[in-house]
Amino acid sequence: MDMPMKIGIVGNYGNNNNGDEAILLGILVQLETYYKVKRSDITVFSNQPEQTKTRYGVEANPLYYKKGNKYQTLLTTMSKNYPVVRKLDLLIIGGGGILMDLYGTEAFLFGMYGWLGKLGRTPVAIYGVGAGPILTKQGSIVLKSLAHLAKLVTVRDGESERLLQSIGVTSPIHVIGDPAFYVPKPENVQKNERPLQIGVTAVPYYHGSYWPEEKLELYEDYIEGMARNLDELLDKHPDAQINFFATKYPQDLEVTKDIKQRMKAQDRCYVHDQELLPEDIVAFTAKQDVVIGTRLHSLILSLVSGTPVMAIGYHHKVKDFMDMIGYGENAIAIEELNKQTVFFEERFAKMEQNWSKELHAFQATGEDLRERAIMGMRLIDTTIVKK
Numbered sequence: 001m002d003m004p005m006k007i008g009i010v011g012n013y014g015n016n017n018n019g020d021e022a023i024l025l026g027i028l029v030q031l032e033t034y035y036k037v038k039r040s041d042i043t044v045f046s047n048q049p050e051q052t053k054t055r056y057g058v059e060a061n062p063l064y065y066k067k068g069n070k071y072q073t074l075l076t077t078m079s080k081n082y083p084v085v086r087k088l089d090l091l092i093i094g095g096g097g098i099l100m101d102l103y104g105t106e107a108f109l110f111g112m113y114g115w116l117g118k119l120g121r122t123p124v125a126i127y128g129v130g131a132g133p134i135l136t137k138q139g140s141i142v143l144k145s146l147a148h149l150a151k152l153v154t155v156r157d158g159e160s161e162r163l164l165q166s167i168g169v170t171s172p173i174h175v176i177g178d179p180a181f182y183v184p185k186p187e188n189v190q191k192n193e194r195p196l197q198i199g200v201t202a203v204p205y206y207h208g209s210y211w212p213e214e215k216l217e218l219y220e221d222y223i224e225g226m227a228r229n230l231d232e233l234l235d236k237h238p239d240a241q242i243n244f245f246a247t248k249y250p251q252d253l254e255v256t257k258d259i260k261q262r263m264k265a266q267d268r269c270y271v272h273d274q275e276l277l278p279e280d281i282v283a284f285t286a287k288q289d290v291v292i293g294t295r296l297h298s299l300i301l302s303l304v305s306g307t308p309v310m311a312i313g314y315h316h317k318v319k320d321f322m323d324m325i326g327y328g329e330n331a332i333a334i335e336e337l338n339k340q341t342v343f344f345e346e347r348f349a350k351m352e353q354n355w356s357k358e359l360h361a362f363q364a365t366g367e368d369l370r371e372r373a374i375m376g377m378r379l380i381d382t383t384i385v386k387k
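Structure, rendered in structure tokens:
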């Protein structure tokens, strides 16, 4: 059966976070590949609709219309976006870690789109999302309601599934691969005979420029731990080089500059001071032999390019992901960095010992996760389209 022609996608898009943009691009590629949907028949609800429209060749509407307090904003958004939603054949909510209430508004915003689908008789699919943290009773009620309004619920990891079940979601929940695994990858990627080029990403952990709550002592401990770990790695591997890059630009890049300033081996560190779109990140990571990633999608896009990874767990989703793919031993909690200053070097040395085997294993993992990602489209087909 043919896919419905008019599709809407809701997520944290147009927010200058190229992890989220990778998810959107992956969903678009999936819709084109699996259902032959034209981008002109897709409407994305975006923080920057004009940017999204220009970048992807889709239709775009504002994700929300700011008006007074959050309740006035929700009512105004419902009024303006309901006519758009009711004309759709399918509304995809996701992906990304949007089922949370950490910042106070996400649960209500995305929950509202579930009700717009219900009111407009448009089937809703929650697609490849991450859940948590869910800290409030209100957040639990709203997100539980959203899951029960949806015709299909898919999440990107088992921990998200268990969290939704713990707040009372009784609908079937399916675990699929993150849609970002469908970002196109370069062909004929070649790695060095031993690991030399090391890509590194960071995040403004508890820094007031980005984090909801500023705790500079935690930020300082983090960047000190990063600097000490990277110096230790470079000291034991004199031919290696560090290449800092960002998936959220410029916020993340400023952190890498702080880390570099704390390092002894600054002459062997390079900061790629440029915004990288998802395809650019895949191309950049393809040129690295190993990536030490903090944001989840720096890890995912590295795996798309077949590059082995280590992870810094600033959020539970990072450790959950590494455990899910069978590389939990390559992840360290962010608060442990300044206590375990040889972690990067020890993991790197172990990779180097069996370099060919490690490369093949990580490449196979990336291919497997790409296959898991398309499961979401198959579930839409059997659960919504063919019913």
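No gaps in the numbering here: position 301 of the sequence shown is 301 in my numbering, and each next residue is one more. Backbone N, C-alpha and C fix where the C-beta goes; we use that ideal spot for every residue, glycine too. None of these values were measured; they are calculated from a predicted model.
For residue 28, does the count of other Cβ atoms within 10 angstroms reach 16, so buried, or fall short, so exposed?
Against the sequence shown, residue 28 aligns to sequence position 28. Flag for residue 28 reads buried.
Using the beta-carbon count (16 or more within 10 Å), is residue 166 buried or exposed?
Numbered from its first residue, the sequence shown carries residue 166 at position 166. By the neighbour-count rule (16 or more Cβ atoms within 10 Å), residue 166 is not buried but exposed.
Since residue 59 is in the beta strand (DSSP E), which residue starts that stretch and which ends it?
The residue given as residue 59 occupies position 59 in the sequence shown. Here the beta strand (DSSP E) through residue 59 covers 59 to 62.
I'd like to confirm the pairing. Which residues does DSSP put opposite residue 310 in its beta bridges?
Indexing the sequence shown from 1 puts residue 310 at position 310. In DSSP, residue 310 forms a bridge with 292.
First through last residue of the alpha helix (DSSP H) which encompasses residue 188
Along the sequence shown, read from residue 1 onward, the residue named residue 188 stands at position 188. First-last for residue 188: undefined, no H or E at that position.
Residue 30 versus residue 374: straight-line alpha-carbon distance, rounded:
Working through the sequence shown from its first residue, we reach residue 30 at position 30. Working through the sequence shown from its first residue, we reach residue 374 at position 374. Cα-Cα distance, rounded: 7 Å.
Answer yes or no: do residue 361 and residue 331 have a C-beta to C-beta separation smaller than 7 Å?
Position 361 of the sequence shown, counting from 1, holds the residue named residue 361. Position 331 of the sequence shown, counting from 1, holds the residue named residue 331. Not closer than 7 Å, so no.
Write down the C-beta distance between residue 57 and residue 179 rounded to the nearest angstrom, noting that I regard them as a contact closer than 8 Å.
In the sequence shown, counting from the first residue as 1, residue 57 sits at position 57. In the sequence shown, counting from the first residue as 1, residue 179 sits at position 179. Not really, about 18 Å apart at Cβ, beyond 8 Å.
If you run the structure through DSSP and keep just helix, strand and coil, what is residue 43?
In the sequence shown, residue 43 corresponds to position 43, counting from 1. Correct three-state label for residue 43: strand.
Are residue 198 and residue 240 touching if we call contact CB-CB under 7 Å?
The count along the sequence shown starts at 1 and reaches residue 198 at position 198. The count along the sequence shown starts at 1 and reaches residue 240 at position 240. A contact, by the Cβ cut-off of 7 Å.
Looking at the strands, I want to know which residues DSSP matches up with residue 154.
The sequence position of residue 154 within the sequence shown is 154, counting from 1. 174, per the DSSP bridge assignment.
Reference residue 69; option with closest CA among 130, 234, 108 and 142
In the sequence shown, the residue the question calls residue 69 occupies position 69. Per the Cα distances, 108.
DSSP state of residue 181, grouped into three classes?
On the sequence shown, residue 181 is found 181 positions in, with the first residue counted as 1. The answer is helix: DSSP assigns residue 181 an H, G or I state.
Can you tell me whether DSSP reads residue 332 as helix, strand or coil?
For the purposes of this step, residue 332 is taken as the residue at position 332 of the sequence shown. The answer is strand: DSSP assigns residue 332 an E or B state.
Quick one: give me the first and last residue of the alpha helix (DSSP H) that residue 229 is part of.
Along the sequence shown, read from residue 1 onward, the residue named residue 229 stands at position 229. Unbroken alpha helix (DSSP H) run through residue 229: 216 to 236.
Looking at the structure shown, is residue 95 part of a helix, part of a strand, or coil, going by DSSP?
Translated into positions along the sequence shown, residue 95 becomes position 95. Here residue 95 sits in strand by DSSP.
Helix or strand or just coil, what does DSSP make of residue 128?
Here residue 128 refers to the residue found at position 128 when the sequence shown is read from its first residue. Strand.
Close-in-space but distant-in-sequence residues of the same chain around residue 160 (CB under 6 Å, 5 per side omitted):
Here residue 160 is taken as the residue at index 160 of the sequence shown, counted from 1. Contacts found: 130 and 131.
In this structure, does DSSP put residue 1 in helix, strand or coil?
Position 1 of the sequence shown, counting from 1, holds the residue named residue 1. With a pLDDT of only 44 at residue 1, under the threshold of 50, the placement of this residue in the model should not be trusted; the figure read from the coordinates follows. Correct three-state label for residue 1: coil.
Name the DSSP bridge partner or partners of residue 379?
For the purposes of this step, residue 379 is identified with residue 379 of the sequence shown, where counting begins at 1. DSSP lists no partner for residue 379.
Quick check: the Cα distance between residue 250 and residue 275, rounded to an integer number of angstroms?
In the sequence shown, residue 250 corresponds to position 250, counting from 1. In the sequence shown, residue 275 corresponds to position 275, counting from 1. Going by the C-alpha atoms only, they are around 7 Å apart.
Residue 271, DSSP secondary structure in three states
By 1-based counting over the sequence shown, the position of residue 271 is 271. Here residue 271 sits in strand by DSSP.
Do you know how far the Cα of residue 100 is from the Cα of residue 9?
Counted from its first residue, the sequence shown places residue 9 at position 9. Counted from its first residue, the sequence shown places residue 100 at position 100. Rounded to the nearest angstrom, the two C-alpha atoms are 18 Å apart.
Taking all protein chains shown into account, do 16 or more other C-beta atoms lie within 10 angstroms of the C-beta of residue 135, making it buried, or fewer, making it exposed?
Here the question's residue 135 lines up with position 135 in the sequence shown. Result: exposed.
Going straight from the alpha carbon of residue 151 to that of residue 254, what length do you get?
Taking the sequence shown and counting its residues from 1, the one referred to as residue 151 is at position 151. Taking the sequence shown and counting its residues from 1, the one referred to as residue 254 is at position 254. Near 42 Å, if we compare the C-alpha coordinates of residue 254 and residue 151.
Just tell me which of 78, 42 and 354 has its CA closest to the CA of residue 193.
For this step, residue 193 is matched to residue 193 along the sequence shown. With distances taken between Cα atoms, residue 193 lies closest to 354.
Tell me the rounded alpha-carbon separation between residue 336 and residue 48.
Locating residue 336 in the sequence shown gives position 336, counting from the first residue. Locating residue 48 in the sequence shown gives position 48, counting from the first residue. So the two alpha carbons sit approximately 37 Å from each other.
Beta-carbon contacts of residue 352 that lie in its chain and below 7 Å, excluding the five residues immediately before and after:
By 1-based counting over the sequence shown, the position of residue 352 is 352. Within the same chain, residue 352 has close Cβ partners 194 and 195.
May I ask you to verify whether the segment 87 to 103 touches the segment 118 to 130, counting CB pairs closer than 8 Å and requiring at least 3?
yes
Tell me which same chain residues have a C-beta within less than 8 Å of the C-beta of residue 121, skipping the five on either side of it?
Here residue 121 refers to the residue found at position 121 of the sequence shown. 86, listed in sequence order.
Counting C-beta neighbours from all protein chains within 10 Å, is the total for residue 191 16 or more, i.e. buried, or is it exposed?
Walking along the sequence shown from the start, residue 191 turns up at place 191. Residue 191 is buried by the Cβ-count criterion.
Taking the Cβ atom as the reference point for each residue, do residue 372 and residue 173 lie within a distance shorter than 7 Å?
Here residue 372 refers to the residue found at position 372 of the sequence shown. Here residue 173 refers to the residue found at position 173 of the sequence shown. Not in contact: residue 372 and residue 173 (Cβ atoms no closer than 7 Å).
Where residue 120 falls: helix, strand or coil (DSSP)
Here residue 120 refers to the residue found at position 120 when the sequence shown is read from its first residue. Residue 120 falls in the helix class under three-state DSSP.
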